[in-house]
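S.K.:
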Amino acid sequence: MTDLAIYDMDRTVTRHATYTPFLLHCALRRAPWRLLLIPFAILSMLAYVAKLIDRGRLKEINHLLLLGHNRHPSELQPLVESFAAKVLANNVRPGARDAIGRDKAEGRRVVMATASYRFYAREIAERLGFDDCIGTNSILGLDERVHAKIDGENCYGPAKLRMIRDWLATSGLEHGHVRFYSDHASDAPVFEWSDEPIAVNPHDRLKRLAAERGWQIEDWD
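Numbering (my numbering), first residue to last: 2 to 222.
1) For W194, which option in Y182, C134, L66, A97 has the closest C-alpha, if you only look at C-alpha atoms?
2) When we look at the beta-carbon of D55 and count the other beta-carbons within 10 Å, is it buried (16 or more) or exposed?
3) Between the alpha carbons of H73 and A170, how many angstroms are there, rounded?
4) Over the uninterrupted alpha helix (DSSP H) stretch that includes A51, give me the two end residues.
5) For S45, does the count of other Cβ atoms within 10 angstroms reach 16, so buried, or fall short, so exposed?
6) List the endpoints of the continuous alpha helix (DSSP H) containing G102.
7) Assess, as a yes-or-no matter, whether the segment 147-158 is touched by the segment 98-106 under the definition of 3 or more beta carbon pairs within less than 8 angstroms.
8) Can you have a look at P40 and say buried or exposed, based on whether 16 or more other CB atoms are within 10 angstroms of its CB?
9) Quick one, which of V93, F120, G108, E219 has its alpha-carbon nearest H204's?
10) Measure from the alpha carbon of R109 to the alpha carbon of each residue in V191, T19, R180, then state which is nearest.
11) Check whether the Cβ atoms of N138 and R119 sit closer than 8 angstroms, and answer yes or no.
12) Taking the continuous beta strand (DSSP E) assigned at L141, which residues delimit it?
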């Protein structure tokens, strides 16, 4: 039996979201002309707010606009590495580093579970000392290129719990006590499933939910 510590990434481990900054980072370094497409990205956000598209489709559209239809992993790796270095330098909550160190010292397997794309979140996770990274996957085509299309589910809300369970089943890992950290009420399914839910710098809705459920609240700043 292996005890787990599972962490959301954006606004839990990090102070700020990483998805849009990652795409802008890539556009600036690889194809600055793509910044001219930002108005279309804003339109896609408005379509999401109007519930014309879901979060997964929003993610695919912005990926297409700012990163392109497909990219070879060798093109992406330098961008992933430079972005990860930037995140670790400026965008990690101090309390996250402390918690990761504590969980590892307790012998827990430390896992990141994030709605962000796994192909860049994994680099951030590895640099922070995580053992595993569960995230939204991109389709890797027969041409061995990363496409602007989600493979499977967007790792968000109830899908995050399904993907954690799939990862456990695939890895053959028999887990013991599960500690889970997140800042957002969308992770309620994982909070409810875990043995020790911890709300980190929670927004108002999660703060209310944590008070109702008696979940621990921590400030990592």
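Just so it is clear, CB atoms sit at the ideal spot from N, CA and C, and this is done for glycine as well.
M.R.: The structure says:
1) As a working mapping, residue 194 is identified with position 193 in the sequence shown. Comparing Cα positions, the closest option is Y182.
2) Locating residue 55 in the sequence shown gives position 54, where the first residue counts as 1. The residue in question, D55, is exposed, as its Cβ has fewer than 16 Cβ neighbours within 10 Å.
3) Within the sequence shown, numbered from 1, the residue matching residue 73 stands at position 72. Within the sequence shown, numbered from 1, the residue matching residue 170 stands at position 169. The straight-line gap from Cα to Cα measures roughly 30 angstroms.
4) Counted from its first residue, the sequence shown places residue 51 at position 50. Counting along the chain, no alpha helix (DSSP H) covers A51, and no H or E run does either.
5) For the purposes of this step, residue 45 is taken as residue 44 along the sequence shown, with counting starting at 1. Looking at its Cβ environment, which holds 16 or more other Cβ atoms inside 10 Å, S45 is buried.
6) Translated into positions along the sequence shown, residue 102 becomes position 101. Its alpha helix (DSSP H) spans residues 95-106.
7) no
8) For the purposes of this step, residue 40 is taken as the residue at position 39 of the sequence shown. The residue in question, P40, is exposed, as its Cβ has fewer than 16 Cβ neighbours within 10 Å.
9) Residue mapping note: residue 204 aligns to position 203 of the sequence shown, counting from 1. Here the closest residue by C-alpha is E219.
10) Walking along the sequence shown from the start, residue 109 turns up at place 108. Proximity to R109 across V191, T19, R180 peaks at R180, based on C-alpha coordinates.
11) Indexing the sequence shown from 1 puts residue 138 at position 137. Indexing the sequence shown from 1 puts residue 119 at position 118. Contact flag set, yes.
12) In the sequence shown, residue 141 corresponds to position 140, counting from 1. From DSSP, the beta strand (DSSP E) with L141 extends over 133-141.
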